[in-house]
Structures are given as C-alpha cells and as structure tokens.
Amino acid sequence: MIIKRVARAKINLCLHVIGQRSDGYHLLDSVVAFAEYGDVLTFAPSESVTLSINGPFGDGLSGTGDNLILQAARCFDRKNGQGAAIHLEKNLPVASGIGGGSADAAAALVGLSELWELPLPDPEKQLALGADVPICVAGQPLRMRGIGEVIEPLELDQDHPMVLVNPNVSVATPKIFKALNNKDNPAVIDGPQTGWIDWLAKQRNDLQAPAIAHSPVIANVLQALKQTAPMLSRMSGSGATCFGLYQTDNAAQEAALRLSARHPDWWIQTTRLTT
C-alpha cells in the first residue's frame, strides 16, 4: 500500500502580531488558507523509517536527524518493525513564508496515521513540531490566534486563482520577528465571511516591513504583483513569498506570464486558493 499526500502551501492572508509572552513566543492573529500546490509526500510500508528527498528545492535538505518529517514520525507510539519508506518531492521554496516544513510535517502526520492505522498525535505534540503544524493538519481556511494553538474554522465564500512569487530568497523567521519594532499591534478586525477580499484588504501583515528591511527585493515583488492588478496582494508569513489573488484563471495566468518574462530568476507558480 502506497499513500500519497500533498503538503499544500500555507498562505497567511493577513498576519497581525498582537503581543509577546514572557517566554518569548509571539501572540498572533492570522487568517490562513491553503493553495492547491505544494510538496508531495509518499508513504510505503517498511521495517524502519527512512526519508528520501528530491524535487526542485530538495538540494541541501537532509533525510536524517532533525528533519521535521522524521520528527513527526517519532510522535507516534508505533510497534517494533512498524516503519515507513517516506519520499518527499520538494516543490516549495525553503524558508519562504508558506509553511513548507510545517506543511510537510502535517502531511507526514496524516499519511503515517493512515499507513500505520494509528490516531493522530494529540494537538500538544503537533504544536511542539511547530506553531503552524496544527493549522496545516486542519488544512482548511481558519483564523489562528495565540501561538498557533487557538484555531477557528472559517467558511470563505469562494476559491480564487492565485499566483505565488518568491525572488529565490530564504528568510529566517526568528530574524524577522526580532526586527519587528512594535509587538503589540491591533488584532484582526472581525468581519464577514462573504465579501472577504474587501475585508482582508483592511488587514495587514505586520512582518512585511521588517522582512523588506531584511530583503529589499520583497518590495520589488509586491510592486510587480501590484502592476498585474490583483484583487489582493500581500506577503505571506515572514516572507519572502508573496501572493496575488485574481478574479479569473486567465488573469492569473497572464499575470504569471508577465512576471516570468520580466523576472526570469524568480520562482513563480500559478495555483488556486482553496476554501
């Protein structure tokens, strides 16, 4: 039996940093949804747990030690000899603000749960893998608060074509949080779940400014996206990936072609934001 799971890109449609705990963890208020596109994981029965990696962003990733996928496998109370041959096709840029590692860990939890016929690890174990892991396990539009442990499902009214753009820059999340001057910002404004594009346009990504200060090319990406007339564009997470949402597939495809022609060195991917 071979099981396949897509670790879909996690998109922070907005991300407000509203405080910081005494232990250093930041308090967030974020609206999150998922793209159709992502990394691909396959799982096959084996006597031990192994991980192989390929794909356009697989170079330099280790299939041993502290890889989040292997950490996810260690969360299960499995029997002796109950293993898995796991393969990761790494399609998403690394350290890019779209939850690649967390999405991979979440897909591993779900896939191994099915392969081994074991329940998913409890939310505390999921959260210990990373703040975004429980969100990625849920895999649906939601509002995330706290350090990632407070999750409220959202029913957004429709899917939208989307273009993801990364200027092939990796951004270390801790550096961006450290550079954030104000860590006590207003929360997300409560709003309707229909007409949500207009509602989201009134929100922010508080990490966008420090990310641009760290990697100024992010501002170039946002300006280039704006010139393609998206319904909404913003940086996701701590960067450097930015997104544009479009009314039609043709508009998204035309935007991607235009961006690719002007910036052949950027990673540009058309997909859909799923609701």
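Numbering (UniProt numbering), first residue to last: 1 to 275. Cβ atoms here follow ideal geometry from the backbone N, Cα and C, with glycine treated the same way. Values in this document were obtained by computation on a predicted structure and should not be read as measured data.
**Request:** Drop a sphere of 10 angstroms on the beta-carbon of R8, count the other beta-carbons inside from all chains shown, and report buried for 16 or more, exposed for fewer.
**Result:** buried
**Message:** So within the UniProt domain "GHMP kinase N-terminal" (67–139), which uninterrupted alpha helix (DSSP H) runs reach at least 4 residues, ignoring any that extend past its ends?
**Reply:** 68–73, 100–116, 123–129, 133–138
**Message:** Between the alpha carbons of V165 and I98, how many angstroms are there, rounded?
**Reply:** 11 Å
**Cα-Cα separation between residue 284 and N67, rounded to whole angstroms** = Any question about residue 284 goes unanswered here, given that the chain covers just 1 to 275.
**Message:** Along the chain, where does the alpha helix (DSSP H) containing K202 start, and where does it finish?
**Reply:** Careful: K202 lies outside any alpha helix (DSSP H) and carries neither H nor E.
**Item:** CB-CB length for Q140 against P153, believed under 8 Å
**Value:** 6 Å
**Prompt:** Taking DSSP as the reference, what is the three-state secondary structure of Q269?
**Reply:** strand
**Asked** Of the choices V133, N205, P230, whose alpha-carbon is the least far from that of H160?
**Response** P230
**Asked** By Cβ distance below 7 Å, which residues in the same chain neighbour L92 in space, the five residues on each side in sequence not counted?
**Response** A9, G38, D39, F57, I98, G100
**Message:** Nearer than 7 Å: is that true of the beta carbon of R74 relative to any heavy atom of the ligand HEM?
**Reply:** Looking at this structure, you won't find the ligand HEM or any other ligand, since it has none at all.
**Asked** D190 by DSSP, collapsed to three states: which one?
**Response** coil
**Message:** What does the Cβ neighbour count give for E89, buried or exposed, with the cut at 16 atoms within 10 Å?
**Reply:** buried
**Boundaries of the alpha helix (DSSP H) in which S260 is found, first to last residue** = 249–262
**Request:** Just confirm the distance between the C-beta atoms of F34 and I86, as a whole number of angstroms; I'd bet it's less than 8 Å.
**Result:** Not quite, the Cβ-Cβ distance comes to about 21 Å (not below 8 Å), so this is no contact.
**Asked** For the candidate residues C242, S52, D77, L13, whose alpha-carbon lies nearest to that of V171?
**Response** C242
**Message:** On the CB-based measure, 16 or more other CB atoms within 10 Å of its CB, does residue 276 come out buried or exposed?
**Reply:** No statement about residue 276 is possible, as the shown extent of the chain runs from 1 to 275 and does not include it.
**Asked** Which one of S238, N182, R258 has the shortest CA to CA distance from Q227?
**Response** R258
**Prompt:** Would you report the Cα separation of D190 and G63, rounded to the nearest angstrom?
**Reply:** 42 Å
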